[in-house]
Structures are given as C-alpha cells and as structure tokens.
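Enquirer:
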Amino acid sequence: MGVPKKILQSSLLRATSLNAFGVLVKIVIGFATSKVIAVFVGPSGMALVGNLRNFLTSLEGVATLGFQNGIVKYVAESKTSDTELRKAISTIFISLFAIMAICCAALFVFSVFWSNWIFDGNSGFSSIFRILAIALPFYALSIVLIAILNGLGNYRNVIWANIFGNLIGLAISIGLIVQLKLFGALLAIVLSPSALFFVTIVYMRREIPLWTFISIGNFDRSLLKRMGAYSLMTLFSAVCVPLVYLQIRQQVIDVSGVDAAGHWEAMNRISSYYMLFVTTLVSVYFLPKLVLADGNREIRGIFLSYLSTVVPMFIASGLLLFWLRDLVISILFTADFKPVSDLFAWQILGDGFRCVSLIFGCCLIAKKMTQAFFVTEILSLVILYVASHLLLQAVGIRGLVIAHAVTYSAYALVLIGYFGKTLWSPDVS
Numbered sequence: 055m056g057v058p059k060k061i062l063q064s065s066l067l068r069a070t071s072l073n074a075f076g077v078l079v080k081i082v083i084g085f086a087t088s089k090v091i092a093v094f095v096g097p098s099g100m101a102l103v104g105n106l107r108n109f110l111t112s113l114e115g116v117a118t119l120g121f122q123n124g125i126v127k128y129v130a131e132s133k134t135s136d137t138e139l140r141k142a143i144s145t146i147f148i149s150l151f152a153i154m155a156i157c158c159a160a161l162f163v164f165s166v167f168w169s170n171w172i173f174d175g176n177s178g179f180s181s182i183f184r185i186l187a188i189a190l191p192f193y194a195l196s197i198v199l200i201a202i203l204n205g206l207g208n209y210r211n212v213i214w215a216n217i218f219g220n221l222i223g224l225a226i227s228i229g230l231i232v233q234l235k236l237f238g239a240l241l242a243i244v245l246s247p248s249a250l251f252f253v254t255i256v257y258m259r260r261e262i263p264l265w266t267f268i269s270i271g272n273f274d275r276s277l278l279k280r281m282g283a284y285s286l287m288t289l290f291s292a293v294c295v296p297l298v299y300l301q302i303r304q305q306v307i308d309v310s311g312v313d314a315a316g317h318w319e320a321m322n323r324i325s326s327y328y329m330l331f332v333t334t335l336v337s338v339y340f341l342p343k344l345v346l347a348d349g350n351r352e353i354r355g356i357f358l359s360y361l362s363t364v365v366p367m368f369i370a371s372g373l374l375l376f377w378l379r380d381l382v383i384s385i386l387f388t389a390d391f392k393p394v395s396d397l398f399a400w401q402i403l404g405d406g407f408r409c410v411s412l413i414f415g416c417c418l419i420a421k422k423m424t425q426a427f428f429v430t431e432i433l434s435l436v437i438l439y440v441a442s443h444l445l446l447q448a449v450g451i452r453g454l455v456i457a458h459a460v461t462y463s464a465y466a467l468v469l470i471g472y473f474g475k476t477l478w479s480p481d482v483s
C-alpha cells in the first residue's frame with residue numbers, strides 16, 4: 055500500500071493532474087475557436103490565420119528577447135534572496151521595455167510592409183499590424199510574468215492564470231470571428247493573447263509586489279550577459295521555426311493551392327492541441343527541475359521520470375486520436391476539411407518522436423548547452439525544410455507530415471545519442 059500512496063502523493067502526479075485539467079480547458083477552447091474559424095472562414099482563411107500565428111510566434115520571441123527560460127532559471131536561483139530577486143526582475147523589465155518600444159514602432163510604421171509579406175501581397179490587413187503594435191506590450195508582459203511565476207516555483211498559479219486567460223481569449227475570439235469573419239479571425243489572433251496579462255498580474259500580486267522591485271539602480275549588466283545564452287537559444291527557435299513553417303505554407307499555396315494549405319494548418323492545429331499537455335508540463339514542471347539539477351545522476355532521474363510517465367500516456371493518447379480521427383475532424387471543422395484525415399498517421403508518428411525529444415531539448419536549454427542546441431536545431435530545420443520541399447512535390451500535402459515524422463525521428467535519435475552517457479551511466483556525477 056505504501057508505493058501506491060507514494061505515487062498518489064507525488065508532486066509529479068499533482069502537477070500532471072492540474073496540468074492535464076489546464077490543458078483540457080485550453081484544448082476545448084482551441085476546439086471551439088477552430089470550429090468557429092472553419093464555419094465562418096473556411097480552409098483558405100485557415101491558411102491566412104496560420105501565417106499570422108507563425109508571425110506572432112516569431113514576434114513574441116523578439117519582443118521578449120527570448121528571455122523566458124533564462125527568467126525561469128535566474129528567478130528560481132534568486133527567489134530566496136530579496137536583493138538578487140530585485141536585480142533579476144529589474145534587469146528583465148528594463149531590457150524588455152526598451153526592445154518592446156522598438157518592436158511596437160516597427161509594427162506601426164511598417165504595417166503595410168508586414169501585411170504584404172505575411173499575406174502574400176495583400177496590403178488590406180495593414181490595420182491588423184497597427185492594432186498589434188498597441189496590444190504587443192500586454193502580450194509580451196504576460197509571457198514574462200508567467201515565466202517569473204514559473205521561476206518562483208508556483209506551477210499552480212501558472213496553470214490557473216493560463217486557464218482564466220484562455221477563457222477570456224475565447225470570448226474575444228468568438229465575438230470577433232462571428233461579427234467580422236476573416237478580419238475578425240486575424241484580429242482575434244492579435245488581441246486574445248493580451249487578455250492573459252490582466253490575469254497574470256493578479257496572481258503576481260499574490261507572490262511579490264512586482265512594481266516595487268523594478269528600479270534602474272538594480273539593473274545588472276552581468277546578469278544580462280549571463281542570460282544571453284538563453285536568449286540566443288530561445289530567439290533562434292522562436293524566430294526561425296515559425297519562419298520555416300511560413301515559407302513551407304507559401305510553397306503549399308503555390309503547389310497545391312490555398313485550401314490544401316488550410317488542411318495542413320488544420321492538422322497542425324490539432325497537433326498543437328494534444329501536444330499542449332506535454333509542452334506545458336515540460337516548461338512548468340520539468341524545466342525548473344532541470345535548471346536546479348546538480349550532476350548527471352539527478353538529470354538522469356528527471357529523464358527517466360519523464361520517459362516512464364509522460365511518454366507512455368502520450369502514445370496511448372495518440373493511438374486513441376488516430377482511431378477517432380474522423381470524428382475529431384467532424385467536431386472541429388466542416389466537411390471541407392475531410393482530406394485532413396489522411397494526414398493523421400504520419401503526424402502522430404512524428405509527434406511521438408517529438409514527445410520523446412522534448413525532455414532532452416529542454417535540458418540543452420536548462421544547462422546552457424549552446425553549441426549542441428544550435429547544431430541540433432539547425433539540423434532539424436534543414437531536414438524539415440528540404441524534406442518538405444521534396445515530398446510536397448512528390449506526394450502533395452501528405453509529404454509534409456511525412457517530412458515532420460522524418461525530422462523528429464532524426465532529432466530524437468541525435469539527442470538520445472548525445473545524452474547517452476547521462477542516460478546509461480547513473481553513477482557518473
């Protein structure tokens with residue numbers, strides 16, 4: 055009886071259960087948003103929404119300087135020292151205020167350029183980028199606040215803040231899409247994430263008096279330099295990965311048409327929903343532990359905990375999803391999205407390899423293994439782009455999900471090989 059009781063009382067199970075609830079809420083919200091987009095916008099509109107989502111992801115990385123993982127590390131390390139915590143928070147916010155001013159100005163002044171680039175020569179959505187210039191500070195600050203809460207170790211507040219922020223975002227999205235169709239869908243992508251700021255600030259006030267911690271006198275240049283490695287790694291992924299997907303989507307539109315691009319975007323949306331459980335759990339629970347882990351033995355224990363609990367649950371969920379794929383499509387979308395059914399098998403296979411690789415990729419960031427991070431990331435992006443280009447020409451959009459599976463299988467194998475000593479030599483410290 056002792057072992058089951060120990061499992062039931064474990065922090066991982068508690069984190070997993072609350073995280074599962076938070077992810078379930080986000081998935082339901084995502085389902086509802088996807089259904090509204092499918093009904094009011096269709097596959098072609100889904101493709102344009104995907105383009106803007108990729109751009110916003112890249113912009114998020116730039117506007118936050120890629121600091122998220124560095125914030126988690128340095129807040130986690132300094133939370134027991136009021137002086138060090140003030141230095142960390144002051145340095146983070148002063149740096150971000152400067153970069154956000156530049157980003158907002160660039161969005162507003164060059165709004166026509168951004169519209170032409172993101173929407174393939176259509177300048178009619180330039181007002182979307184001017185609105186984004188106003189909303190971006192709220193969005194970026196919410197990401198930073200979530201990272202601080204995460205670093206303070208209160209994963210419950212992180213999850214609950216995301217839940218309430220997503221619910222508010224859902225209400226905004228549905229209202230805009232129903233009233234304004236495609237323009238409303240694009241506007242929802244820009245405005246709904248900002249709602250999270252107003253929720254996170256409430257939870258932050260319960261932890262620390264944040265604004266009293268921010269002072270120019272506490273700005274620490276040395277800390278900014280130490281966060282540089284985290285910034286470079288996060289910025290690379292945040293900027294380059296969405297831009298590669300944006301370029302691939304443009305190729306799909308040229309080769310197979312905008313509806314096919316919408317079908318691929320629909321598959322990516324479904325994938326992002328069920329991957330949320332893993333990605334959120336890794337960032338909220340495992341990343342702080344890897345940051346503080348001392349030696350190979352502790353890291354190995356974290357790896358095995360993840361591989362023995364999270365991965366099997368993901369595999370079971372993936373098999374269930376494949377079996378129910380037609381039902382999922384009918385619930386989430388419309389009859390126009392029926393071709394998405396043919397994309398599930400390879401997508402789920404690729405996501406399985408991605409699930410395995412996440413914990414190792416997270417360790418590269420947590421331990422600032424900068425060189426290994428860039429080598430593996432660049433390799434995976436090159437494989438993805440080249441394989442997508444070749445297979446798209448050969449077999450159409452099904453080639454994109456095959457390329458996805460090829461990319462993440464190679465990525466997982468490379469990372470497993472890199473961490474082989476840590477995995478199989480527990481006595482090494």
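In our numbering, the protein residues as written are 55 to 483.
Positions of the beta carbon are idealized from the N, C-alpha and C atoms, including for glycine.
For S246 and G229, which I take to be in contact (beta-carbon distance under 8 Å), what is that distance rounded to the nearest angstrom?
Expert: Not a contact, Cβ separation roughly 10 Å.
Enquirer: Is it buried or exposed, V482, if we count other Cβ atoms within 10 angstroms and call 16 or more buried?
Expert: With a pLDDT of 43 at V482, under the threshold of 50, the predicted position of this residue should be treated as unreliable, though the coordinate-derived value follows. Its Cβ having fewer than 16 others within 10 Å, V482 is exposed.
Enquirer: Hey, how far is the Cα of A83 from the Cα of K279?
Expert: A small correction: the amino acid at residue 83 is Ile; Ala does not occupy that position in the sequence shown. Whole-angstrom Cα-Cα distance: 39 Å.
Enquirer: Starting from D174, trace the alpha helix (DSSP H) both ways and give me its first and last residue.
Expert: Segment: none, D174 is in no alpha helix (DSSP H) and carries neither H nor E.
Enquirer: Does the beta-carbon distance from T145 to L264 come in below 7 Å?
Expert: Cβ distance not < 7 Å, so T145 and L264 don't count as in contact.
Enquirer: Pull up the distance between the alpha-carbon of L375 and that of V382, whole angstroms please.
Expert: Each residue's alpha carbon lies about 8 Å from the other.
Enquirer: Please give me, in chain order, every unbroken run of the alpha helix (DSSP H) with length at least 4 that falls completely inside the segment 66-118.
Expert: Complete alpha helix (DSSP H) runs here, min 4: 96-117.
Enquirer: Apart from the five residues just before and just after L341, which ones in its own chain have a Cβ nearer than 8 Å to its Cβ?
Expert: Excluding sequence neighbours, L341 sits near N123, V126, N204, C416, I419, A420.
Enquirer: Do Y339 and I81 have their C-beta atoms closer together than 7 Å?
Expert: No.
Enquirer: Have a look at V166 and G175 and give me their C-alpha separation to the nearest angstrom.
Expert: Spanning the two alpha carbons is a distance of roughly 10 Å.
Enquirer: Kindly indicate the opening and closing residues of the alpha helix (DSSP H) around S442.
Expert: Taken as a continuous stretch (DSSP letters only), the alpha helix (DSSP H) holding S442 covers 424-449.
Enquirer: If you compare alpha carbons, which of I202, F391, V77, F237 is closest to S177?
Expert: Comparing Cα-Cα distances from S177 to each of I202, F391, V77, F237, the minimum goes to F237.
Enquirer: How is the alpha helix (DSSP H) around F391 delimited, first residue to last?
Expert: That residue, F391, is in no alpha helix (DSSP H); it is neither H nor E in DSSP.
Enquirer: Which residues in the same chain as S395 place their Cβ atom closer than 7 Å to its Cβ, once the five residues preceding and following it in sequence are excluded?
Expert: Same-chain partners within the cutoff: R379, D380, I383.
Enquirer: Using three-state DSSP, classify K133 as helix, strand or coil.
Expert: The answer is coil: DSSP assigns K133 none of H, G, I, E or B.
Enquirer: Assuming F267 and L139 form a contact by the criterion Cβ under 8 Å, report the distance between their Cβ atoms to the nearest whole angstrom.
Expert: Their Cβ separation, rounded to whole angstroms, is 7 Å, which keeps F267 and L139 in contact under 8 Å.
Enquirer: Using only alpha-carbon positions, find the residue among F290, I182, Y257, I213 that is nearest to Q425.
Expert: The option with the nearest alpha carbon to Q425 is F290.
Enquirer: Going by alpha carbons, who is nearest to Y439 out of F391, A160, A215, Q305?
Expert: Among F391, A160, A215, Q305, the Cα nearest to that of Y439 belongs to Q305.
Enquirer: Determine the burial state of F473: buried for a count of at least 16 other Cβ atoms within 10 Å of its Cβ, exposed for fewer.
Expert: Its Cβ being crowded by 16 or more others within 10 Å, F473 is buried.
Enquirer: Can you give me the Cβ contacts of L469 inside the same chain, cut-off strictly under 7 Å, excluding the 5 residues immediately before and after it?
Expert: Excluding positions up to five away in sequence, the list reads S411, F414, G415, T430.
Enquirer: Between I302 and L102, how many whole angstroms is the CB-CB distance? I'm expecting something under 8 Å.
Expert: About 15 Å; that fails the 8 Å criterion.
Enquirer: According to the Cβ coordinates, are N211 and Y257 closer than 7 Å?
Expert: Going by C-beta atoms, N211 is nearer than 7 Å to Y257.
Enquirer: List the whole-angstrom C-beta distance separating L161 from W171, where the pair is believed to meet the contact cut-off of C-beta under 8 Å.
Expert: Contact flag wrong, Cβ pair sits at about 12 Å.
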